[in-house]
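Trainee:
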C-alpha cells in the first residue's frame, strides 16, 4: 500500500486545536489568545474540575445549549486536570501577558486624564514593553494599541500550542467548540504539528490529487502507528463529484450557513467556507463538490462560524488568495485576520471598503458592513459585491440594515444588484458570549444583553432591498443545519422570533414581486 496512489476519504474531518481547544480567531491571534486562555479557558477548566457532574449535565440540557460547560465524562477528569497543569506550566508567559494587559488598562483608567501619556510608559507592566502604544482618541478616551505584527514574533505567540486531530465524521454532534477541549481518543489520529506545516497541505491536496502513503508519512513526519492509522483514512478511489465544474454560463451553489460557491468555467469564488465532510445523507454539498482550484476565498468577518480553520486548512494549496477585511491595527477586539492567516501559510489579500479584487472573467468589490459586533470598534468586517457571468451578486453576510442609506451609497457606486444574500440572525447572543475574555472592565448583564451579535430583522432586510433594488433575495440558514451544531449551538422552532422575522421578510418580498427564499442545506442557481 505504501506505493499505491491514494485519496483522502470523504468523511475524514480535521479539528485544529490550541492547547486542545478547538481554534477560532480569538484563540489563535496572539494577544486575544492570551486573554482567552487566561480569562476564559483556564477558569473554565478549573470550574469543571470543581464540579464535573454539573458541567456534563448542563452540556446535555437543551436550554443551556451554547453555554460554557465542558462535556467530558467525570471518569476523564484526571486528564482535564493534567491539561490544566500543563497550560499553567507551559503557557505561563501567555498567562502573565494577559494579566499585564488588564493591569495596563487599569493604569490608563486611573491616570490617563487627557494629559501627556509619556510618563505612563515606565509604569506599564514589563510584559507589554515594546508591544504597545498608548493613545487618546479625539474625545480624550485613552486606549492601549497593540503592535500586532510584533506579537507574532514574541513569546506570546506559541506554535507549540497547535495540533491537529483527524477522525471520521460519525453523524453524532461533536461537543461545542467554544467550551469543550478535545482529549485523545483511540479513533483519532493526533498530529502534534503547527497549522502552517507543509505536510497538512500535502495531506488535504489528496482530496483532489492522489499520492502515496509513503509520501504522506514523510511529509507529516509520522511514526509507524500514526502511519497505520492514517492508512485507514485513505482510499484508492476519489469521491469527487463529477459536476463540481461547469462548462458554460454561471452558477451559484449554497453549501450551507453563509457559504456560497460562485462559478464560471474560468473561475471559482467561495464565501465564508464552512463545509461538511459528510456526503452520505445527500442533503448538502460537501468538500467533494468544491472545484479543484478556487481563485478567491472571501471572508466577511472574524466570528467562529465565518472564518473556520477546520475548512480553510483543507483548502490551503488549492486557493489563489484569501480576501479579508482590513482590521483596525491594534484594537484588542479587532485582531488582524490577514496576519493570522498569513502565519498559517495562506496567501492573503487585505481589503478596505470599495477595494476591488479581480479574478478571471470577473471581480469582487469589498462593501461596508454594519452592526453584528455588539457595538465594539471592530473594523475587520466586510460584505462583498461579486460581478461575474453577467450577474451582480451582493454577499451581505450578517450585516445589519440599521442604516439603510448605506446601501444607497453602495448602489450609487456599483449599480443594481441582481441577487442579494442576507443574514437574519436578528436576536443574537449578548456581548459577553464571545467577548467576555477581552473585557478588562466588567459590564452588567443588562448592558451585555442590550448589545447583541445581531443581523437584520425583517424591516431592516426590507430596507436593504429597497436601497439595493435587487431582484432576488435569499436568507442564509442561521445555524439551523444540524451538522453545524458543534459550532453554532443554536435551536430554533417555527415560533422562534428569528424564524418569524424571516417569514415576515419572505412575505414582504412576495408582495413586491421579489423572488426570495430561506436557504437550508443546498441550493443551486444556473444561468
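Numbering (the numbering used here), first residue to last: 73 to 599.
Backbone N, C-alpha and C define an ideal beta-carbon position, used for all residues, glycine too.
1. Unbroken beta strand (DSSP E) runs of length 3 or more, entirely within the region 317-386: which are they?
2. Please name the residue, chosen from 297, 131, 535, 275, that lies closest to residue 307 on a Cα-to-Cα basis.
3. CB-CB under 6 Å to residue 165, same chain, minus the five flanking residues each way: which ones, in chain order?
4. Let's see if you can read the secondary structure: which residues bound the alpha helix (DSSP H) around residue 437?
5. In the DSSP output, which residue or residues are listed as bridge partners for residue 589?
6. For residue 557, which of helix, strand or coil comes out of DSSP?
7. In the DSSP assignment, what are the bridge partners of residue 263?
8. Apart from the five residues on each side of it in sequence, which residues of its chain come closer than 7 Å, Cβ to Cβ, to residue 592?
9. Which residue comes first and which comes last in the alpha helix (DSSP H) that contains residue 126?
10. Please list, in chain order, all residues of the same chain as residue 453 whose beta carbon is under 6 Å from its beta carbon, the five residues on each side excluded.
11. What are the start and end residues of the beta strand (DSSP E) that includes residue 217?
12. Cutting at 7 Å between CB atoms, please list the residues of its own chain near residue 338, excluding the five before and the five after it.
13. Classify residue 96 as helix, strand or coil using the three-state DSSP reduction.
14. Nearest CA to the CA of residue 556: which residue from 382, 403, 599?
15. If we call anything under 8 Å between Cβ atoms a contact, is residue 317 one with residue 363?
16. Which residues mark the beginning and the end of the alpha helix (DSSP H) in which residue 534 is found?
17. So residue 240 and residue 402 are supposed to be a Cβ contact under 8 Å. How far apart are they, rounded?
18. By the 10 Å Cβ neighbour count, where 16 or more other Cβ atoms means buried, how is residue 122 classified, buried or exposed?
19. Does the region 332-351 come into contact with the region 460-478, if we say contact requires no fewer than three beta-carbon pairs (one atom in each stretch) closer than 8 Å?
20. Does DSSP classify residue 195 as helix, strand or coil?
21. Given this structure, state the Cα-to-Cα distance separating residue 366 from residue 467, to the nearest angstrom.
22. State the DSSP-derived secondary structure class of residue 15, mapped to helix, strand or coil.
23. Roughly how many angstroms lie between the CA atoms of residue 476 and residue 320, to the nearest whole one?
24. Quick one, which of 110, 420, 505, 325 has its alpha-carbon nearest residue 368's?
25. Three-state secondary structure (DSSP) at residue 307?
26. DSSP three-state call for residue 249: helix, strand or coil?
27. Does the Cβ-Cβ distance between residue 576 and residue 530 come in under 8 Å?
28. May I have the straight-line CA-CA distance separating residue 344 from residue 260, to the nearest angstrom?
29. What separation, rounded to the nearest whole angstrom, lies between the Cα atoms of residue 586 and residue 542?
30. Determine the direct distance from the alpha carbon of residue 495 to that of residue 562, and round the result to whole angstroms.
31. Just the Cα atoms here: how many angstroms apart are residue 193 and residue 247?
32. Kindly identify the DSSP beta-bridge partner or partners of residue 204.
33. Where does residue 79 fall in DSSP's three states?
34. Suppose you measure from the CA of residue 332 to the CA of residue 229; what does that come to, to the nearest Å?
35. Near residue 233, which residues of its chain fall below 6 Å by C-beta distance, leaving aside the five closest residues on each side in sequence?
36. Taking the CB atoms as reference points, tell me whether residue 386 and residue 86 lie closer together than 8 Å.
Mentor: On the basis of the coordinates in this document:
1. Fully enclosed beta strand (DSSP E) runs of 3 or longer: 323-328, 331-335, 340-343, 366-370.
2. Sorting 297, 131, 535, 275 by C-alpha distance to the C-alpha of residue 307 places 275 at the top.
3. Result list for residue 165: 227, in chain order.
4. Run containing residue 437: none in the alpha helix (DSSP H); it sits in the beta strand (DSSP E), 434-439.
5. Partner(s): 546.
6. DSSP places residue 557 in helix when its eight states are reduced to three.
7. According to DSSP, residue 263 bridges with 236.
8. Answer for residue 592: 549, 552, 553, listed in chain order.
9. Where residue 126 is concerned, the enclosing alpha helix (DSSP H) stretches over 124-131.
10. 373, 397, 441, listed in sequence order.
11. First-last of the beta strand (DSSP E) with residue 217: 214-218.
12. Exclusion of the five residues before and after residue 338 leaves 432, 433 as the residues of its chain whose Cβ lies within less than 7 Å of its Cβ.
13. Reduced to three states, the DSSP call for residue 96 is coil.
14. Distance check between residue 556 and each of 382, 403, 599 places 382 closest, using alpha-carbon atoms only.
15. With respect to the 8 Å criterion, residue 317 and residue 363 are classified as neighbours on the basis of their beta carbons.
16. Counted as a single uninterrupted DSSP element, the alpha helix (DSSP H) harbouring residue 534 occupies residues 530-540.
17. Wrong, their Cβ atoms sit about 42 Å apart, outside the cutoff.
18. Label assigned to residue 122: exposed.
19. Under the 8 Å Cβ criterion, the region 332-351 counts as touching the region 460-478, having at least three qualifying pairs.
20. Under the three-state reduction of DSSP output, residue 195 falls in the helix class.
21. One C-alpha to the other measures close to 17 Å.
22. There is simply no residue 15 to check, as the chain begins at 73 and stops at 599 in what is shown.
23. Near 36 Å, if we compare the C-alpha coordinates of residue 320 and residue 476.
24. Nearest of 110, 420, 505, 325 to residue 368, Cα basis: 420.
25. Three-state DSSP puts residue 307 in a strand.
26. Judged by DSSP in its simplified three-state form, residue 249 adopts coil rather than helix or strand.
27. The beta carbons of residue 576 and residue 530 sit closer together than 8 Å.
28. If you take the alpha carbons of residue 344 and residue 260, they lie about 27 Å apart.
29. Rounded to whole angstroms, residue 586 to residue 542 spans 8 Å at the Cα level.
30. Computed Cα separation, rounded: 15 Å.
31. One C-alpha to the other measures close to 43 Å.
32. Looking at the DSSP output, residue 204 bridges to 218.
33. Correct three-state label for residue 79: strand.
34. Residue 332 and residue 229: Cα-Cα distance of roughly 33 Å.
35. The answer, listed in chain order, is 90, 91.
36. Their beta carbons are under 8 Å apart, which means residue 386 touches residue 86 by this criterion.
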